[in-house]
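Residue numbers (numbering that gives the first Met the number 0), protein chains in the order written: chain A, 0 to 157; chain B, 0 to 157. Ideal Cβ placement from N, Cα and C applies to all residues, glycine included. Below: the structure, in structure tokens.
There are 2 protein chains.
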Amino acid sequence: MIKAIKKHKGAILYGSSLALLLLLLRWLEFRFLILSTSLDIYIGIIAVIFTGLGVWLTLKLFKPKAKTIVIEKEVEVYVTPSPQFERNQKELDNLNLTSRELEVLELMAKGMSNQEIANQLFVSLNTVKTHSGKLFEKMEVKRRTQAVDKAKTLSIIP
Amino acid sequence: MIKAIKKHKGAILYGSSLALLLLLLRWLEFRFLILSTSLDIYIGIIAVIFTGLGVWLTLKLFKPKAKTIVIEKEVEVYVTPSPQFERNQKELDNLNLTSRELEVLELMAKGMSNQEIANQLFVSLNTVKTHSGKLFEKMEVKRRTQAVDKAKTLSIIP
DNA sequence: AACTGCCTCATCCTTTCGGGTGATTTTACT
DNA sequence: AGTAAAATCACCCGAAAGGATGAGGCAGTT
């Protein structure tokens, strides 16, 4: 949803042009029929003002769009009964995997096929293949089973 | 041809909307002039409509900046003395695997291919396939990755 | 001897994986 | 505004995996 004004500059240009054209028409109307169209001018001004108000209000109210905030909370816990998984962040960083690649890896570890992963992530099979391919390169393995085994050994996944 | 429409659908959409709105304006003007109703109400409606237009336009053009993604991240630091593997013999018995099938399963878990397993066990590739096939049947899985995952979950293999 | 379970191997066929390449679009950062 | 990294998707091709089926050999049991 992050589409810049750039993408809609055509729309803005179009709208502005239309607006200018209408203003011109109104102005011409005004010049030749001052009395009978005074109401139209009034209405036009009202419209412009309130459109501006809407824009201003929206910008004012919906402006604080915070970016992703990552809060890492470190909690030391001694867990004897249930074996808790602790991700080895260092190893994970070393591999330099992208978020998508990691997702694919995790689903692979669950025994899912590429097609199933594709459905799960709402992307095409080809995309999953691309991710898995790069994943294998980065992990220096040849097969998904190796990737999963290595990832588990390195405690990258549970 | 279609691509051109798609590319400028934003402009078309906004232009059309604006045009429709102006038509509505005219229509209202017409109605209220005919009925000679209060001008204040007319102005009010205009104000509301254009305020809405402003809000709508702003929301459309200045899309939400950043979608905030997951935030919390608890890092649990715990110390495990020695995670020794203890084979779950009951589950293993339930599956009723033969010794050969279990061997194949263990090698699979190391990320080995059928061919590599065949070399390791000094049997043919076909034999490994046969074992793995029966293995999957008994474990009620469809893929080697699933078999490995299930076996680890059941603590049949480390 | 007959039966049974396991191991072995084969063939045919289909599906899944993985490698390679290229293209477009998003997103992020400068 | 321009660049770099990610993410998306496509097509091709060969390798690996998996399903189905049949068959021969071997050991232990009945």
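Secondary structure of residue i, DSSP reduced to three states
i, result
"A/S112", "coil"
"A/E71", "With a pLDDT of only 37 at A/E71, under the threshold of 50, the placement of this residue in the model should not be trusted; the figure read from the coordinates follows. Reduced to three states, the DSSP call for A/E71 is strand."
Cut-off 7 Å between Cβ atoms - residues of its own chain near residue i, not counting five sequence neighbours on either side
i, result
"B/L94", "K137 and M138"
"B/Q114", "L124"
"A/N87", "L153, S154 and I155"
"A/Q83", "none"
"A/E102", "L120"
"A/K128", "N113"
"A/R99", "H130"
"B/P157", "F84"
Beta-carbon gap between residue i and residue j smaller than 7 Å
i, j, result
"B/R142", "A/G132", "no"
"B/E90", "B/I155", "yes"
"A/L134", "A/L106", "no"
"A/K149", "A/V140", "yes"
"B/V147", "B/A108", "yes"
Residue i burial status per 10 Å Cβ neighbour count (16 or more: buried)
i, result
"A/T144", "buried"
Residues near residue i in its chain [Cβ-Cβ closer than 6 Å; skip 5 each side]
i, result
"B/T126", "none"
* Runs of beta strand (DSSP E) lying entirely within the region 83-156 of chain A, each at least 3 residues, in chain order -> Entirely contained in the region 83-156 of chain A, not one beta strand (DSSP E) run reaches 3 residues.
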